[in-house]
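Written out as structure tokens, the structure is:
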């Protein structure tokens, strides 16, 4: 298959290879000359080693600002005249280089922010910046007490992915730039501080000062901080959960199987390398399902269903401890290397902890999500490629179902083609070889060719990687899951549409996934009378499962099924997860209910994270 090999080598030769610090060295970037260009950062870490960050910060909950210093340990082997750090909206008070006060400048970019340009010498080692976060810091959500679960104290949490770390820390804000860090965080009395690091306390201390250390190099988007009235409950020796006091018992029940989940992941792809694995359930405004912050997953409260039916999300965030945190995509154009691998790994965990039929349902629902994404983008759109071509500042656009589901399907196709045993052996080797490094799509394809495909022309032909990675849409050889359980759902749906009757003896043992498939396949021709009948049988309007509730509201809105509208408003008032709120607001607008949508948004906008507000403002 000489042509394919030439294709890979041609692509690879057009990119500069990237190498980062391995776990046994003290330098965060092993060969900075070989860094792949990242158009989403203004930082010049391609020629300066960003070794270590020390944070000394005071969190002012009343004034809603973070104030303090960020101190960088650097190496300047090429004698750069300036260090440029990413910064957006930070109020820079002063800068020191090796304990000497220096002047500084800003490089203004309309999207990427105001790059902080600091004069340095070849032998410069320490750069210290005193700063205050600005009122528009997109990474920060400051919650009043009324916006929390417990309603007793304010709350702060960060969301640094994709390029928002620069709004609360002056830093090299790109996934291919890794560094270690430590932190001293001062918070108001009676509050707990947590970070993506070692040292997370399990109870509030009297000093209100907390110390953290991350001795494994991570990219800036994995910097994380939470401050609030937070309690801890142990699950196992290395796992536990954090939540507001009013939620902690529910959370501990929901995630009681954290330790078996970690053990299952380890059996698949090697030891968990981060020490502890804890989960923090945040207040309702959290804009995404989960954030894989090292050692401490940040999680949406929408997975707390009371019956452990939605904990598959935690399998996803745990899987990131290998794919994403251990081995990281070099740029946001390569984000499928994080998310596609993680979806695949998540489903392997779910299969091992449940059975193949359960995983099949996850695969099929994911395929449906991918079909919708491709339909939205357009079947020929470059946005449906795995390897993306983004413009500066479009990093957030990389996080679509294409990266997640198309990426996972490619890995599933490779598994089906070479066999699970060979594929698992390859993945174990891949994670071990690239541990604590960042990797590009092209580097992965070279590694795949060298260590698994090995020039086998029949394998190349069956997989057709160029069509998957550099081509649009869903390739014809995309694998489909076994539909045994969903076929039974389809029968029940057909019977309902013909008779308006539901046999509850058939549905009473359905999982969340089966209900979702049932609702997703509901035709546009469904009538108000049929919606009423479904609601009488299943009480979907009052569903406590957020996934089911969302799907029900999505169906009810265009039909103007008003009996569900009070519950819809309640859902939008307490839910900040973009996956739910953005489509629901869009659905209201598309069904000519814009005034209602706008009235709800004006009322509940303060409950949403700035990232979600930005997307909702656009529609």
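In the working numbering, the protein residues as written are 229 to 847.
Here a beta-carbon is modelled for each residue, glycine too, at the ideal position from N, C-alpha and C.
| query | Apart from the five residues on each side of it in sequence, which residues of its chain come closer than 7 Å, Cβ to Cβ, to residue 243? | reply | Confidence is the limiting factor: at residue 243 the pLDDT is only 35, short of 50, which leaves the residue's position unreliable and the question unanswerable from this model.
| task | Can you give me the start and stop residues for the alpha helix (DSSP H) that residue 713 sits inside? | result | 712-727
| request: Please report how far the alpha carbon of residue 702 lies from the alpha carbon of residue 792, in whole angstroms. | output: Their backbone Cα atoms lie some 35 Å apart in a straight line.
| Does the count of Cβ pairs from the region 555-570 and the region 407-416 closer than 8 Å reach three? | no
| With respect to 7 Å, is the separation between the Cβ of residue 293 and the closest non-hydrogen atom of the ligand SAH below this value? | Ligands displayed in this structure: none; no statement on the ligand SAH is therefore possible.
| task | For residue 532, count neighbouring C-beta atoms within 10 Å of its own C-beta (all shown protein chains included) and say buried if the count is 16 or more, exposed if not. | result | buried
| task | Could you please give the first and the last residue of the uninterrupted alpha helix (DSSP H) stretch that includes residue 342? | result | Taken as a continuous stretch (DSSP letters only), residue 342 belongs to no alpha helix (DSSP H), being part of the beta strand (DSSP E) at 341-347.
| Own chain, CB closer than 7 Å to residue 429, minus 5 neighbours either side, in chain order | 420, 438
| Counting Cβ pairs, one atom from each stretch, are 3 or more of them under 8 Å apart for the region 804-817 and the region 486-497? | Between the region 804-817 and the region 486-497, the count of C-beta pairs closer than 8 Å stays below three; the two stretches do not touch.
| said: Checking 8 Å against the spacing of the C-beta atoms, do residue 578 and residue 739 come in under that value? | reply: No; because the gap between Cβ atoms is not below 8 Å, this pair is not in contact.
| message | I'd like the span of the beta strand (DSSP E) that includes residue 817, first residue to last. | response | Taken as a continuous stretch (DSSP letters only), residue 817 belongs to no beta strand (DSSP E), being part of the alpha helix (DSSP H) at 806-818.
| said: Measuring alpha carbon to alpha carbon, tell me which residue in 423, 294, 523, 529 is nearest residue 549. | reply: If you compare the alpha carbons of 423, 294, 523, 529 with that of residue 549, the shortest gap goes to 523.
| request: Report the residue from 777, 504, 500, 541 whose alpha carbon sits nearest the alpha carbon of residue 519. | output: 541
| field | C-beta contact flag for residue 452 and residue 526 at 8 Å | value | yes
| request: Round the Cβ separation of residue 308 and residue 342 to the nearest angstrom and send it over; I've been treating them as touching at under 8 Å. | output: Actually they are not in contact, since the Cβ atoms of residue 308 and residue 342 sit about 19 Å apart, beyond 8 Å.
| Cβ contact check for the region 598-612 and the region 630-647: 3 or more pairs under 8 Å | Here the region 598-612 lies against the region 630-647, with 3 or more beta-carbon pairs under 8 Å apart.
| Do the CB positions of residue 332 and residue 353 come within less than 8 Å of each other? | Taking 8 Å as the Cβ cut-off, residue 332 and residue 353 do not qualify as a contacting pair.
| In the structure shown, what three-state DSSP assignment does residue 843 receive? | helix
| Can you tell me the Cα-Cα spacing of residue 770 and residue 363, whole angstroms? | Roughly 37 Å separates the two Cα atoms.
| query | Quick one: Cα of residue 361 to Cα of residue 712, how far? | reply | As the crow flies, the alpha-carbon of residue 361 is around 53 Å from that of residue 712.
| What is the DSSP secondary structure of residue 745, reduced to helix, strand or coil? | Residue state, collapsed to three classes: helix.
| query | DSSP state of residue 599, grouped into three classes? | reply | helix
| Neighbour-count burial assignment, residue 471, 16 or more Cβ in a 10 Å radius | buried
| message | Which runs of the beta strand (DSSP E) at least 3 residues long sit entirely within the region 465-508? Give them in chain order. | response | 467-471
| field | Helix, strand or coil at residue 544 according to DSSP, with G and I counted as helix | value | helix
| request: Classify residue 431 as buried or exposed, calling it buried when 16 or more other Cβ atoms lie within 10 Å of its own Cβ. | output: So residue 431 counts as exposed.
| message | Could you tell me the alpha carbon to alpha carbon distance between residue 586 and residue 778, rounded to whole angstroms? | response | Rounded to the nearest angstrom, the two C-alpha atoms are 21 Å apart.
| query | Taking contact to mean at least 3 C-beta pairs separated by less than 8 Å, is the region 448-468 in contact with the region 392-404? | reply | yes
| query | Where do the N-terminal and C-terminal ends of the alpha helix (DSSP H) with residue 278 fall, by residue? | reply | Element bounds for residue 278: not the alpha helix (DSSP H) but the beta strand (DSSP E), 277-288.
| task | Provide the residue(s) that pair with residue 410 in DSSP beta bridges, ordered along the chain. | result | 282, 441
| field | residue 456: first and last residue of the uninterrupted beta strand (DSSP E) it sits in | value | Counted as a single uninterrupted DSSP element, the beta strand (DSSP E) harbouring residue 456 occupies residues 453-456.
| CB of residue 382 within 8 Å of CB of residue 370, strictly | yes
| For residue 322, which three-state DSSP category applies? | strand
| query | When we look at the beta-carbon of residue 615 and count the other beta-carbons within 10 Å, is it buried (16 or more) or exposed? | reply | Classification for residue 615: buried.
| field | the region 755-768 / the region 723-733 touching (three or more Cβ pairs under 8 Å) | value | Between the region 755-768 and the region 723-733 there are three or more inter-stretch CB-CB distances shorter than 8 Å, so the stretches are counted as touching.
| 7 Å CB neighbourhood of residue 734 in its chain, flanking five on each side removed | 720
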